[in-house]
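*Asks:* Structure in structure tokens, see below.
4 protein chains.
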Amino acid sequence: MNFTHPFLDDDGDKLREECGVFGVIGASEAAAACALGLHALQHRGQEAAGITSFDGTEFYTRRGLGHVAENFSTGEAIGELPGHMAVGHVRYSTTGGTGMRNVQPLYADLASGGFAVAHNGNISNASKLRQELVSKGAIFQSTSDTEVIIHLVATSRYPTMLDKLVDALRLVEGAYALIVTTPRGMAACRDPLGIRPLVMGRLGDATVFASETVALDVVGAEFIRQVEPGEMIEVDFDGSMRSHRPFGDSPARPCIFEHVYFSRPDSIFNERSVYESRKHIGVELAREAPIEADYVVPVPDSGVPAAIGYSQQSGIPFELGIIRSHYVGRTFIQPSDGARHAGVKRKHNANRLLVAGKRIVLIDDSIVRGTTSMKIVEMMRDAGAKEVHFRVASPPTGHGCYYGVDTPERSKLLAGRMDVEAMCAFIKADSLAFVSIDGLYRAVGLPGRTKSCPQYCDACFTGDYPTPLTDLEQRHAAEAQLNLPVDPDPVS
Amino acid sequence: MNFTHPFLDDDGDKLREECGVFGVIGASEAAAACALGLHALQHRGQEAAGITSFDGTEFYTRRGLGHVAENFSTGEAIGELPGHMAVGHVRYSTTGGTGMRNVQPLYADLASGGFAVAHNGNISNASKLRQELVSKGAIFQSTSDTEVIIHLVATSRYPTMLDKLVDALRLVEGAYALIVTTPRGMAACRDPLGIRPLVMGRLGDATVFASETVALDVVGAEFIRQVEPGEMIEVDFDGSMRSHRPFGDSPARPCIFEHVYFSRPDSIFNERSVYESRKHIGVELAREAPIEADYVVPVPDSGVPAAIGYSQQSGIPFELGIIRSHYVGRTFIQPSDGARHAGVKRKHNANRLLVAGKRIVLIDDSIVRGTTSMKIVEMMRDAGAKEVHFRVASPPTGHGCYYGVDTPERSKLLAGRMDVEAMCAFIKADSLAFVSIDGLYRAVGLPGRTKSCPQYCDACFTGDYPTPLTDLEQRHAAEAQLNLPVDPDPVS
Amino acid sequence: MNFTHPFLDDDGDKLREECGVFGVIGASEAAAACALGLHALQHRGQEAAGITSFDGTEFYTRRGLGHVAENFSTGEAIGELPGHMAVGHVRYSTTGGTGMRNVQPLYADLASGGFAVAHNGNISNASKLRQELVSKGAIFQSTSDTEVIIHLVATSRYPTMLDKLVDALRLVEGAYALIVTTPRGMAACRDPLGIRPLVMGRLGDATVFASETVALDVVGAEFIRQVEPGEMIEVDFDGSMRSHRPFGDSPARPCIFEHVYFSRPDSIFNERSVYESRKHIGVELAREAPIEADYVVPVPDSGVPAAIGYSQQSGIPFELGIIRSHYVGRTFIQPSDGARHAGVKRKHNANRLLVAGKRIVLIDDSIVRGTTSMKIVEMMRDAGAKEVHFRVASPPTGHGCYYGVDTPERSKLLAGRMDVEAMCAFIKADSLAFVSIDGLYRAVGLPGRTKSCPQYCDACFTGDYPTPLTDLEQRHAAEAQLNLPVDPDPVS
Amino acid sequence: MNFTHPFLDDDGDKLREECGVFGVIGASEAAAACALGLHALQHRGQEAAGITSFDGTEFYTRRGLGHVAENFSTGEAIGELPGHMAVGHVRYSTTGGTGMRNVQPLYADLASGGFAVAHNGNISNASKLRQELVSKGAIFQSTSDTEVIIHLVATSRYPTMLDKLVDALRLVEGAYALIVTTPRGMAACRDPLGIRPLVMGRLGDATVFASETVALDVVGAEFIRQVEPGEMIEVDFDGSMRSHRPFGDSPARPCIFEHVYFSRPDSIFNERSVYESRKHIGVELAREAPIEADYVVPVPDSGVPAAIGYSQQSGIPFELGIIRSHYVGRTFIQPSDGARHAGVKRKHNANRLLVAGKRIVLIDDSIVRGTTSMKIVEMMRDAGAKEVHFRVASPPTGHGCYYGVDTPERSKLLAGRMDVEAMCAFIKADSLAFVSIDGLYRAVGLPGRTKSCPQYCDACFTGDYPTPLTDLEQRHAAEAQLNLPVDPDPVS
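As given, the protein sequences belong to chains E, L, V and H, one line each in that order.
Be aware that the first sequence starts at 1, since it is given in UniProt numbering, and climbs by one per residue.
Be aware that the second sequence starts at 1, since it is given in UniProt numbering, and climbs by one per residue.
Be aware that the third sequence starts at 1, since it is given in UniProt numbering, and climbs by one per residue.
Be aware that the fourth sequence starts at 1, since it is given in UniProt numbering, and climbs by one per residue.
Below, the structure is given as structure tokens:
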């Protein structure tokens, strides 16, 4: 059974982080640690999982559709993955479509030996690079943007593997957190802006890399530090480590949505507790958009930390006015009579006796299409709520992401189509407010957003993309020639 | 993928309700409503599910191991179950062992026509009755105690199906909430003490029965009332309904653990909000066992409502000091080095930056074996907590349940082996307190426990079993003859 | 992959024997021998297979849809079936419908202990007996006629298991070859007329029973003798054996179609080589229906022995004018253009260069519906055959079988609808001839058919049924009341 | 269930043809025809099957382990393969190992568009070519030798697809019968010596290519002619066809073992009926190695045509002394007691009553390891045969094949280790004779073998390999350096 994202509505009304990566070198049962680590990153990608291990001689790969636990929890599965080094991946299908051949890690036999890579992010000029490679005779086995990196490495004229990899990455534009394994060891690196996260830990003598610190916790590793934006770290089998900065220095722009929703609340992102950030967004919201009410009710589970912050700041009691089922994922056949909103109720049910006759402040992390928000407001009213005020723990999401997050096209984003007043009417709330962009920056510990050089990538809120978007521009140009309607966002 | 109970530790350190039942008569797509209703009862039994429908001529049955969504979410599955009446069941395996032939509803072709039954509870003289039936030539197809009821009905000399069923149930001892379907309609009944729950609702012209009101909510049905203890309700295809009280009157003893843990917080049990009961247990706990601390931290998710109550009563802030993974269920292969307590961390991870240096009150719903409580206390300390105080939202669980709940034998119940002080030492908390039995009764809206005639079944706390336990006594007698060590609990 | 009968056309244009049984007692790995034996009987039933073993304490059962090799060839499968006694079954679904619960051996826990039975044959008053049992409270778990026997045994008042079994069988009418296992040993018996086959062999110290001698050959057992019609043989675990004749003496009527088609040619049936019988049918055919031709061509594989006989008697060379594929069973999607008769060609293809311009005598074992015969004649003509003469190694099959053979209703039997001349026109042959009923009896070593008391059951050719057919008569009576058209055959 | 080759002994005591190919262009449901055609070629490869179709815009591929019928018989499967052009493949795993990624057709997105290829044969310099390609940055996705061809095409500098393909094939050495599809149409070609077979047919307006004519018969296509050795035929979507001879002329050397065993007897190979060839080998054998005996008995099924020829020439009656089971393929767990030779008996059982006391001439097509021949001789003796004379319808097989046939290494070939007299002693026959190499050539219609320029490839009998064997030579050279024992055969 493939459960979808537990925070997800059935109609996919959330932004979706597309990947998590985990690597370990120097551990006696590397694949077992890798499986546990990926399991802790399951919320970052639930469609498929894969692990590649290396036993000093050969590489072993096992991939599967579905959850980590479905594919990597048995001794048999781990037994197929011997060795002291392993790299793993969980994924959604953003670029590349579904299907087993796109499940990472991707592996290739190069002239220099085996090469396995796990990639979180999105290469925004992958189509262009792929076209060039194919025209020179390269044969792609997947539709994944990650395979472009492998072919660039395979055809690089540089002598060492590290040089080949740097040579390849210089041609690549966009966001990437990569873990690479070769017969000589492991390398981990983040793109120059550090858009996607990657951290490093220590597990006995072994070195561990992971998308989030929660994965270090679960495998019992100690958190050392994050891999810095633009940094490439090499680790050998003897444990020796070298850090490189091949792309020079530039100010970092990590993804602020990791604080809002993607990372687990018990992770530490960009040197700050994610739980703390979320609670403080609630505090900021209570300051920016106060309201008189009886209860603060989170939309579970992602709205809970901000709701606690809102409650503490406002003094309005925190109560579970919506109960969340733990058994979600499938769309059921709807009986034709009755069962209004059975879909949303299957996941979220009103706590009627609590809510009836009360003024409710609902707290959710974000609004994407708005359809689920509308249903939840209606559910509160059906349960007898006197007033329903909606507070959102992020600014309006009006722009698509091209850095490895699955966003609907702009015309389907509620905030891409209307202003706050219209949105409030659409979801039928008594009032609606979003935290301001500066409030969000304050909540993550900064004085506010530095317009000239923002400290985070916040393109989904501001449309301010920190890299070129070559493939998108080419597609727009082609569509313009064909007179196709062009999604207005974002390159203009 | 079969997820186990989401509230469950990997080592099963919870009591487990064993079943949920759902029935609908008079709906145009009865099986689809039944599937949705069972899905809402999934927390009551996750090992297997089954639905039997009737289309006016024939009965159709589909059963499957695993979750409702895995077996009954597709149009194909529902298409195999035509008709206006359907009854369904989710189960754990208490009595009867695992295996498809024990998955309910059980069905038989009797001389009077088809007969399907879904049963929540446990018949405490099933072995004795079975022996008698087999000696007369009955051939059993399952090892389920429920099949005894069918054979008693099949061999009853009474003329009508209702009389046969009453005749059968008079021979039966223990706990049962039953939904029965025959070519003439549906009957629902609870044992004379009403130990297990059963409620009735209305969905358009259709009548619905379910273990909990949450299932009515999810299918969009209106909650009418509970089926009373000892009541049998017949519903015909024309919607006419008759209530019977074949067993006379006796004071009811519904299971108080439904308030503590089994029912969903958004259900109404015994005419009271379960969420409210749980929050009030927290309030009672804060009164009975106050402590100075920085944060009230629930063991998620079952400890949350009591923690909110404790926080509101004590004024100590409610915080998420433990983050729960949504992806649980499988035991993973443990890497041999590192990964201490990876098992418990896979499910519960400390929110380190919050907890470090703080005094924590942990709130959990119950302690069964104590092993998980011990690990969670240790996890808090590893995360730097200065003090860890444990508060339990139920009295000590010192006795087994023989009414359809999966309990370890008494010698494995922590409260069956030691007093509170020893338990505190075992789990290594700075202090430990349980709500008192009277506090629990107060929390569910009563003045306290009436010792002469308790208003609930609370045998797991008190050892006061409200029915004879024939099979258990016979087993003890047989073991005594063999000089086998006898579990001291409970018949002596 | 479930291959259907290898001799079968896709449209089922053959009579189908419905079962094979195999039992062994006293062998150290009884289930392994049983699996091999069933594999050798696979041609008698390919829909499902099952084995029940007994290890001195408990019975173990494993059943599966499909072939023996798919379900019982692994060590894991055999490991689930420990013990020195095992009984197995392969089946088609004649009476009882498909589905796992009808797969034999059937097993029941009786008051006297476990009871497993494997049955080849058909009980012609099963419906009537079942009705009576259900009216007394019996609950059936299958729709198989065999279960009637178990309930009759369960409710028999006789003291010993053997007496109970005899008591049960006295109420039963029709054809049966049974192997029964209980905690006390094994019993094997044939109905009083011995319609279905059963033989006994010795494998070291173990005793073996099987439907055909080929199963003895394959497991390495020595053929001792057949179980006599009306005989019941008991074998204990110490190897002691007792023969009973509980039904008195009556002249035997074994099924003559075992010689024609059902048994493997390397089996010995009714003390005669099946291969020899088939070759002699060919000899008789050549005498009764000679023709001038260039080649004798068998319809492979079942027509081969008769074709050799025809060739040797007539002097016309035996040639493979039709080549049979070894990969049959599935119906393929037909491309809409081209591919005329691809269905039949998938199985049988003309050996064009041989056949072109030649006069061909085709030899097949029988004609049921005639559709395949028609296609094969056409295939010979398409390949350029100058003349096609059809010779059939059995008399016209004009009547249904009610003794465990799957026959179409009479109106679909070609010989039930038309005479030989019309049949010849239907299949478009240049000439058509069947062996005479007396020729068939001569081929099996008799002087001819004794009309007053035939030596075999030949009801499918003659309509002369050797037992009452109670269920059929009741059905006809019921249909007559409803004025439904009644299939004329056979009770009138 | 994966049945292995029906002619195969359980211990693989046959040479195995490794592939069959089928292609169709211009048919409205190309994939359905392709599935049927592959089904008719199933005997050429049973491990896996695949089909690639093209609908004018996109290519669709479906592959599966097991038989064609298991993977391609349903409407659903065919529905996934739309379009008017399809190419398919059945395979054993000779070069390349097992696993889905080696299942053909192989497909690649080249700069010039999609490219799918199905290949029967073996490239004897594949390792060397692969090494060169990888060193230039090529990334292989399979271990199949066929992928070398695709990479050579992808990196060819020639402008048109046809030129690229010819350019690639010029670098390739060994045996190949190829069907290639591109967005522009289909191409079929055979290596310059025409070692592996390929024929062309017409199905309405569509053009069909197949390994054997039997596949044309089954889909209802008319046989046009064979693709000539060294010929490349292009077919466009409008049906226009062009024949090329890019490799110049050289005398052909088709594989003579197609006549002996690989092809189906109803196929036409190298302009001659395979059935006729096999019968004539029997005639030659009877002339070269006559014997006095009672019966000629074929080892079924592959020995049947030669046995008919031997019988007709010698006048000794042809009889089925060995009966073959239709249910083969799995190795069963052997019971420890009894069941001597149960393995071989599971497939072949003696027709005891026929054989007892008789002098038997056994006819088989070939002897590879000799183990099965030994067991069959022993089975005849166990059944009471007075004399057992073995006649083999091919010369002694003393040399490995490197052209796409799975042969054991030379030291395991019986004829590689001993002379005829020793072989006779090994299999314990009363006499043993093989047809002479000239007798074999006479049987296929030639005056005898032309030593200077043999008309067929007969390397497995003579060691006369018609091409260089580069990879083998390199491996031998490498092993010689390591002082490993080198299999003496064949390059020296």
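For each residue, glycine too, the CB sits at the ideal point set by N, CA and C.
Here the structure is a predicted model, which is why all the values come from computation and not from measurement.
1. Should Y402(L) be labelled buried (16 or more other beta-carbon atoms within 10 Å of its own) or exposed?
2. Is the Cβ of D294(E) closer than 8 Å to any Cβ of chain L?
3. Does any residue of chain V bring its CB to less than 8 Å from the CB of P183(H)?
4. When the Cα atoms are used, what is the spatial distance from G400(E) to R253(E)?
5. So with Cβ pairs under 8 Å, would you call F318(V) a contact of chain H?
6. According to DSSP, is V491(L) part of a helix, a strand, or is it coil?
7. Pull up the distance between the alpha-carbon of P197(E) and that of P265(E), whole angstroms please.
8. Beta-carbon of D266(H) versus every beta-carbon of chain V: anything under 8 Å?
9. Name the residue from R417(L), T181(L), D238(L) and V420(L) whose alpha carbon lies nearest to the alpha carbon of Y60(L).
10. When DSSP labels each residue in this structure, what does I376(V) get in the three-state scheme?
11. Mind checking G88(E): buried by the 16 CB within 10 Å criterion, or exposed?
12. If we ignore side chains and look at the alpha-carbon of each, how far apart do L320(L) and D364(L) end up?
13. Bridge partners for Y465(L) per DSSP, in chain order?
14. Specify the secondary structure class of D382(E) as computed by DSSP and reduced to three states.
15. Please specify which runs of the alpha helix (DSSP H), each continuous and at least 4 residues long, are wholly inside the segment 214-299 of chain E, giving them in chain order.
16. For a test of the three-state rule: what should DSSP assign to H326(L), helix, strand or coil?
17. Between P395(H) and the rest of its own chain, which residues show a CB-CB distance below 7 Å, the 5 nearest in sequence each way excluded?
18. Applying the criterion that 16 or more other CB atoms from any shown protein chain within 10 Å of the CB defines a buried residue, is C453(L) buried or exposed?
19. In whole angstroms, what separates the C-alpha of H476(H) from that of G20(E)?
20. Starting from C34(L) and walking both ways along the alpha helix (DSSP H), at which residues does that stretch end?
21. Could you tell me whether the Cβ of V214(V) comes closer than 8 Å to any Cβ of chain H?
22. Applying the criterion that 16 or more other CB atoms from any shown protein chain within 10 Å of the CB defines a buried residue, is R242(V) buried or exposed?
23. Tell me whether the segment 22-37 of chain E and the segment 200-208 of chain E touch, counting them as touching only if at least three CB pairs, one residue from each stretch, are closer than 8 Å.
24. Can you pull the chain L neighbours of A111(V), defined as C-beta to C-beta under 7 Å?
25. So which residues on chain V does H151(L) lean against when the C-beta distance must stay under 7 Å?
26. For the alpha helix (DSSP H) containing E479(E), list its first residue and its last residue.
27. Please list, in chain order, all residues of the same chain as H151(E) whose beta carbon is under 6 Å from its beta carbon, the five residues on each side excluded.
28. Is it true that the CB of G23(L) sits closer than 8 Å to the CB of M161(L)?
29. Are the C-beta of P197(V) and some C-beta of chain H separated by less than 8 Å?
*Replies:* To lay it out plainly:
1. As a first step, residue 402(L) is located in the second sequence; it is residue number 402 there, counting from the start. Buried is the call here.
2. By 1-based counting over the first sequence, the position of residue 294(E) is 294. At a cut-off of 8 Å between beta-carbon atoms, D294(E) makes no contact with chain L.
3. Along the fourth sequence, one-based indexing puts residue 183(H) at 183. So, not an interface residue.
4. The sequence position of residue 400(E) within the first sequence is 400, counting from 1. The sequence position of residue 253(E) within the first sequence is 253, counting from 1. Approximately 17 Å between the Cα atoms of the pair.
5. Here residue 318(V) is taken as the residue at index 318 of the third sequence, counted from 1. Taking Cβ atoms only, chain H reaches closer than 8 Å to F318(V), which makes this a yes.
6. Taking the first residue of the second sequence as position 1, residue 491(L) is located at position 491. Per-residue confidence for V491(L) stands at a pLDDT of 43, beneath the threshold of 50, marking its modelled position as unreliable; the derived number appears in the next sentence. In the structure shown, V491(L) sits in coil (DSSP, three-state: anything other than H, G, I, E or B).
7. Locating residue 197(E) in the first sequence gives position 197, where the first residue counts as 1. Locating residue 265(E) in the first sequence gives position 265, where the first residue counts as 1. Rounded to whole angstroms, P197(E) to P265(E) spans 15 Å at the Cα level.
8. Residue mapping note: residue 266(H) aligns to position 266 of the fourth sequence, counting from 1. So, interface residue.
9. Taking the first residue of the second sequence as position 1, residue 60(L) is located at position 60. Among R417(L), T181(L), D238(L) and V420(L), the Cα nearest to that of Y60(L) is on T181(L).
10. Along the third sequence, one-based indexing puts residue 376(V) at 376. Three-state DSSP puts I376(V) in a helix.
11. Counted from its first residue, the first sequence places residue 88(E) at position 88. Buried is the call here.
12. Taking the first residue of the second sequence as position 1, residue 320(L) is located at position 320. Taking the first residue of the second sequence as position 1, residue 364(L) is located at position 364. Computed Cα separation, rounded: 13 Å.
13. As a working mapping, residue 465(L) is identified with position 465 in the second sequence. Secondary-structure assignment with DSSP links Y465(L) through no beta bridge to anything.
14. One-based indexing of the first sequence puts residue 382(E) at position 382. In this structure, D382(E) counts as helix in the three-state DSSP scheme.
15. Runs of the alpha helix (DSSP H) inside the segment 214-299 of chain E: 274-288.
16. Here residue 326(L) refers to the residue found at position 326 of the second sequence. H326(L) falls in the coil class under three-state DSSP.
17. On the fourth sequence, position 395 is the one that residue 395(H) refers to. The residues are F434, V435, S436, I437, L440 and F461.
18. On the second sequence, position 453 is the one that residue 453(L) refers to. The residue in question, C453(L), is exposed, as its Cβ has fewer than 16 Cβ neighbours within 10 Å.
19. As a first step, residue 476(H) must be located in the fourth sequence, where it is residue number 476. As a first step, residue 20(E) must be located in the first sequence, where it is residue number 20. The straight-line gap from Cα to Cα measures roughly 47 Å.
20. Residue mapping note: residue 34(L) aligns to position 34 of the second sequence, counting from 1. Note, C34(L): alpha helix (DSSP H), A30 to A40.
21. By 1-based counting over the third sequence, the position of residue 214(V) is 214. It does; some Cβ of chain H falls within 8 Å.
22. As a position in the third sequence, residue 242(V) is number 242, starting the count at 1. Label assigned to R242(V): exposed.
23. yes
24. Here residue 111(V) is taken as the residue at index 111 of the third sequence, counted from 1. Residues of chain L with a Cβ closer than 7 Å to the Cβ of A111(V) are, in chain order, V134 and S135.
25. The residue you call residue 151(L) lines up with position 151 of the second sequence. Residues of chain V passing the Cβ test: I139.
26. If you number the first sequence from 1, residue 479(E) lands on position 479. E479(E) -> alpha helix (DSSP H) spans T470 to Q481.
27. Along the first sequence, one-based indexing puts residue 151(E) at 151. Counting only Cβ-Cβ distances below 6 Å, and skipping sequence neighbours, we find L133 and A138.
28. Within the second sequence, numbered from 1, the residue matching residue 161(L) stands at position 161. Within the second sequence, numbered from 1, the residue matching residue 23(L) stands at position 23. No, the Cβ-Cβ distance between M161(L) and G23(L) is not below 8 Å.
29. On the third sequence, residue 197(V) is found 197 positions in, with the first residue counted as 1. No - not a single Cβ of chain H is within 8 Å of the one on P197(V).
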